[in-house]
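Participant: Each residue of the sequence shown is one higher than the one before, counting from 1 in UniProt numbering.
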Amino acid sequence: MDRIAVLIPCYNEVRTVAKVISDFRRTLPQAVVYVYDNNSTDGTDLAAREAGAVVRYEYRQGKGQVIRSMFRDIDAECYIIADGDDTYPAECARQMANIILNEKADMVIGDRLSATYFQENSRPFHSVGNTLVKRSINFLFHTDISDILTGYRAFSYEFVKTFPVLSKGFEIETEMTIHALDKNLGIENVVVPYRDRPAGSESKLNTYSDGIKVLRTVVRLYKNCRPFQFFGFLGGLMFLLGAVLIAPVFIEYLRTSLVPRIPTLIVSGFLTLGALLSIFCGVILDVLAQQNRQDFELRLNEFHEIRRMKHHKTNHEN
């Protein structure tokens with residue numbers, strides 16, 4: 001088991017990957033740097049190997065696919081994830097790793113938005129998207145996370161081995177954050193300076209298509225993690241709409257003892273029935289979600305014990 005593993009997912013980052021690796025090796029000399037090449041065609045893997053990284057390959061395209069393989073393959077007490085585009089300073093990794101190694105948190109967020117992101121970022125819609133996602137998640141989950149979409153993070157062994165990676169692309173950061181919030185894992189924040197990509201280095205993130213995927217992920221995970229609030233809100237909307245439709249029919253009935261708008265009455269009845277079904281579904285799914293959290297706590301204890309055994313074995317071998 002590695003003490004610290006630096007994980008760098010890469011897709012066509014030959015211009016910057018060697019510098020990123022050397023920066024992390026200088027900052028964390030005891031760490032093992034892993035580069036997972038995701039079908040690069042520009043020689044990223046060769047540059048990474050020459051710089052001293054352990055190079056592995058993931059042939060399924062997408063950042064989520066790469067992180068799934070990283071988390072499955074590598075055992076470490078602390079994991080540092082950073083992009084290969086040299087936008088995050090390696091100097092902050094020591095502070096992030098210490099928080100994990102001292103067991104003060106399960107995930108440490110490298111917070112760009114509280115530093116230089118809005119000054120350095122050259123794509124204004126990225127700034128709008130970051131702000132929108134941050135405010136949406138903080139509102140829905142009643143929290144105050146400073147940076148949801150940052151690609152610079154540190155994790156504990158327990159987080160990595162109990163995190164079910166479902167996303168295939170850039171939605172993975174959103175999924176990580178909501179997973180930590182839902183499972184009540186420890187989250188810490190470290191403000192990190194952000195620098196824009198160097199000239200000639202192109203972002204792989206599509207502002208619109210990937211932005212829509214991220215927002216869909218937020219809605220999907222909110223439904224799964226907070227089913228009573230989600231289905232209760234839908235039920236409330238249907239009940240309100242049904243009440244608006246039935247009100248004039250009911251007033252007319254009180255005045256004339258007649259029901260002249262039968263279709264409106266039927267639609268209102270179906271909306272009310274749908275509202276009740278939605279609310280009861282939310283109650284049932286909320287019980288299942290609570291059971292899932294309880295089962296997760298038991299798995300977390302098991303992996304904590306596994307980590308202690310592996311750490312003891314590693315010390316014994318050394």
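Glycine included, each C-beta is placed from N, C-alpha and C at the ideal position.
Taking contact to mean 3 or more Cβ pairs, one atom from each stretch, closer than 8 Å, check whether the region 222-229 and the region 275-286 are in contact.
Facilitator: The region 222-229, when compared against the region 275-286, does touch it at the 8 Å Cβ threshold.
Participant: Give me the residue from K161, F155, N102, D196 with the minimum Cα distance to N121.
Facilitator: Taking the sequence shown and counting its residues from 1, the one referred to as residue 121 is at position 121. The candidate whose alpha carbon is nearest that of N121 is D196.
Participant: When you compare the CB positions of E175 and S167, do they come within less than 8 Å of one another, or not?
Facilitator: Here residue 175 refers to the residue found at position 175 when the sequence shown is read from its first residue. Here residue 167 refers to the residue found at position 167 when the sequence shown is read from its first residue. Taking 8 Å as the Cβ cut-off, E175 and S167 qualify as a contacting pair.
Participant: Within 8 Å, do at least three Cβ pairs link the region 10-30 to the region 51-64?
Facilitator: Counting Cβ pairs under 8 Å, three or more are found: they touch.
Participant: Along the chain, where does the alpha helix (DSSP H) that runs through G232 open and close?
Facilitator: The residue labelled residue 232 in the question sits at position 232 within the sequence shown. It spans 227-256 - the alpha helix (DSSP H) in which G232 sits, taken as one unbroken run.
Participant: Can the beta-carbon of L140 be found less than 8 Å from the beta-carbon of Y222?
Facilitator: As a first step, residue 140 is located in the sequence shown; it is residue number 140 there, counting from the start. As a first step, residue 222 is located in the sequence shown; it is residue number 222 there, counting from the start. Yes, they are a contact pair.
Participant: Near S127, which residues of its chain fall below 8 Å by C-beta distance, leaving aside the five closest residues on each side in sequence?
Facilitator: Counting from one through the sequence shown, the residue named residue 127 turns up at place 127. If we look at S127 and ignore the five residues flanking it on each side, its Cβ neighbours are Y117, F118, N121.
Participant: For K213 and P260, what's the separation of their Cα atoms in angstroms?
Facilitator: Position 213 of the sequence shown holds residue 213. Position 260 of the sequence shown holds residue 260. Rounded to whole angstroms, K213 to P260 spans 46 Å at the Cα level.
Participant: For I246 and F270, what's the separation of their Cα atoms in angstroms?
Facilitator: Against the sequence shown, residue 246 aligns to sequence position 246. Against the sequence shown, residue 270 aligns to sequence position 270. Roughly 11 Å between the two C-alpha positions.
Participant: What are the partner residues of F155, as DSSP defines its beta bridges?
Facilitator: Your numbering for residue 155 matches position 155 in the sequence shown. Looking at the DSSP assignment, F155 forms a beta bridge with Y79, M107.
Participant: Could you tell me the alpha carbon to alpha carbon distance between E305 and T131, rounded to whole angstroms?
Facilitator: In the sequence shown, counting from the first residue as 1, residue 305 sits at position 305. In the sequence shown, counting from the first residue as 1, residue 131 sits at position 131. E305 and T131: Cα-Cα distance of roughly 38 Å.
Participant: Tell me whether the beta-carbon of V165 lies closer than 8 Å to the beta-carbon of F71.
Facilitator: Walking along the sequence shown from the start, residue 165 turns up at place 165. Walking along the sequence shown from the start, residue 71 turns up at place 71. In this structure, F71 lies closer than 8 Å to V165 by Cβ.
Participant: Determine the direct distance from the alpha carbon of I67 to that of V218, and round the result to whole angstroms.
Facilitator: For the purposes of this step, residue 218 is taken as residue 218 along the sequence shown, with counting starting at 1. For the purposes of this step, residue 67 is taken as residue 67 along the sequence shown, with counting starting at 1. Approximately 19 Å between the Cα atoms of the pair.
Participant: With a 10 Å radius around its C-beta and 16 neighbouring C-beta atoms as the bar for buried, classify T87 as buried or exposed.
Facilitator: Locating residue 87 in the sequence shown gives position 87, where the first residue counts as 1. Buried, because 16 or more other Cβ atoms sit within 10 Å of the Cβ of T87.
Participant: Taking 8 Å as the threshold (C-beta atoms), are A115 and V208 in contact?
Facilitator: Here the question's residue 208 lines up with position 208 in the sequence shown. Here the question's residue 115 lines up with position 115 in the sequence shown. According to the sequence provided, residue 208 is Tyr. The question's Val does not apply to it. Cβ atoms of Y208 and A115: not closer than 8 Å.
Participant: Comparing alpha-carbon positions, which option in C92, S69, P29, E103 lies nearest F163?
Facilitator: Along the sequence shown, read from residue 1 onward, the residue named residue 163 stands at position 163. Residue S69 is the option with its Cα nearest to F163.
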